[in-house]
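Enquirer: Before I ask anything, here is the structure I am working with.
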Ligand SMILES: [Zn+2]
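Numbering (the numbering used here), first residue to last: 1 to 254.
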């Protein structure tokens with residue numbers, strides 16, 4: 001299985017061990033610095049820590065940790081230039097599988113400018129992007145995101161994440177991949193399964209988004225096992241369990 005969106009920097013080795021034992025081979029860890037950022041070097045340090053330290057920590061427990069780096073909208077009150085420069089380098093050296101997570105949160109001018117620039121970098125370097133949608137004002141912010149993406153990047157290079165039953169109708173008409181985050185207080189596995197049941201398994205990626213907020217490191221295996229218990233077609237289950245993620249992010253892990 002692949003968990004396509006986690007925050008490994010805020011989780012313990014015990015979580016990685018549980019995830020591995022439950023059948024997760026690979027996880028993609030995304031950048032988000034949960035504390036105050038007074039200088040862009042703090043963010044750069046966070047990104048380098050993910051790249052160097054967290055990948056090694058996860059590997060110790062058997063978990064293959066792939067990395068997505070970028071400027072999360074909640075971290076956009078910085079001078080972003082040094083991060084942009086580093087993004088080109090990480091992409092060039094194939095150290096990251098996507099730019100992420102990026103996106104919009106409060107629709108500030110800074111956020112929008114940094115989001116657009118990162119889409120441009122993705123377009124220029126033919127990279128994938130993982131796009132965050134917020135808890136509050138999800139519908140309104142998603143609308144803005146869906147309007148901006150095709151002006152900068154081919155939709156097929158983007159995954160719009162944290163899609164739930166309230167906004168699925170708005171996202172399903174794009175050519176983007178869609179991320180279903182099964183997480184306490186956000187979305188139950190039953191809701192994710194209802195979406196898959198209605199819209200098919202082709203376009204969706206599953207993830208836990210484990211972070212320093214309420215989290216379940218096993219939400220992907222729990223959802224996959226529930227699909228099996230309910231008798232869904234094995235080929236379809238394989239798509240959301242690992243094939244879609246493997247194909248989209250071009251991972252050579254299986
Ligand atoms: Zn996240």
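All residues carry an ideal CB built from backbone N, CA and C; glycine is no exception.
Which ranges would you report for the alpha helix (DSSP H) in the stretch 82–167 if only whole runs of at least 4 residues count?
Expert: Listed in chain order, the complete alpha helix (DSSP H) runs (minimum 4 residues) inside the stretch 82–167 are 109–125 and 138–152.
Enquirer: Hey, could you find the ends of the alpha helix (DSSP H) residue 237 is sitting in?
Expert: 234–238 is the extent of the alpha helix (DSSP H) around residue 237.
Enquirer: For the beta strand (DSSP E) containing residue 244, list its first residue and its last residue.
Expert: Residue 244 -> not in any beta strand (DSSP E); alpha helix (DSSP H) instead, spanning 244–248.
Enquirer: Report yes or no: do three or more beta-carbon pairs, one from the stretch 4–16 and one from the stretch 207–219, lie closer than 8 Å?
Expert: Counting Cβ pairs under 8 Å, three or more are found: they touch.
Enquirer: Decide if residue 35 is buried, meaning its Cβ has at least 16 other Cβ atoms within 10 Å, or exposed.
Expert: So residue 35 counts as exposed.
Enquirer: Return the first residue and the last residue of the alpha helix (DSSP H) that residue 218 is part of.
Expert: Unbroken run through residue 218: none, as it is neither H nor E.
Enquirer: On the three-state DSSP scale, how would you describe residue 5?
Expert: Strand, per DSSP.
Enquirer: How about residue 9: is its Cβ closer than 7 Å to a heavy atom in ligand 3?
Expert: Questions concerning ligand 3 fall outside what the structure shown contains, since the ligands it does hold are ligand 1.
Enquirer: Kindly list the residues whose CB is nearer than 8 Å to the CB of residue 88, restricted to its own chain and excluding five residues on each side of it in sequence; keep chain order.
Expert: Contacts found: 121 and 125.
Enquirer: Going by DSSP, what residues sit across from residue 15 in a beta bridge?
Expert: The partner list for residue 15 (beta bridge, DSSP) is empty, contrary to what the question assumes.
Enquirer: Cβ atoms of residue 194 and residue 182: under 8 Å apart, would you say?
Expert: No.
Enquirer: Cα-Cα, which of 131, 108, 82 and 75 is closest to residue 99?
Expert: Residue 131 is the option with its Cα nearest to residue 99.
Enquirer: Under 7 Å from any heavy atom of ligand 1, does the C-beta of residue 209 make it?
Expert: Checking the Cβ of residue 209 against ligand 1 gives yes.
Enquirer: Might you give, ordered along the chain, the residues of its own chain that have their beta carbon closer than 6 Å to the beta carbon of residue 142, omitting 5 neighbours on each side?
Expert: Cβ neighbours of residue 142 beyond the five flanking positions: 133, 167 and 170.
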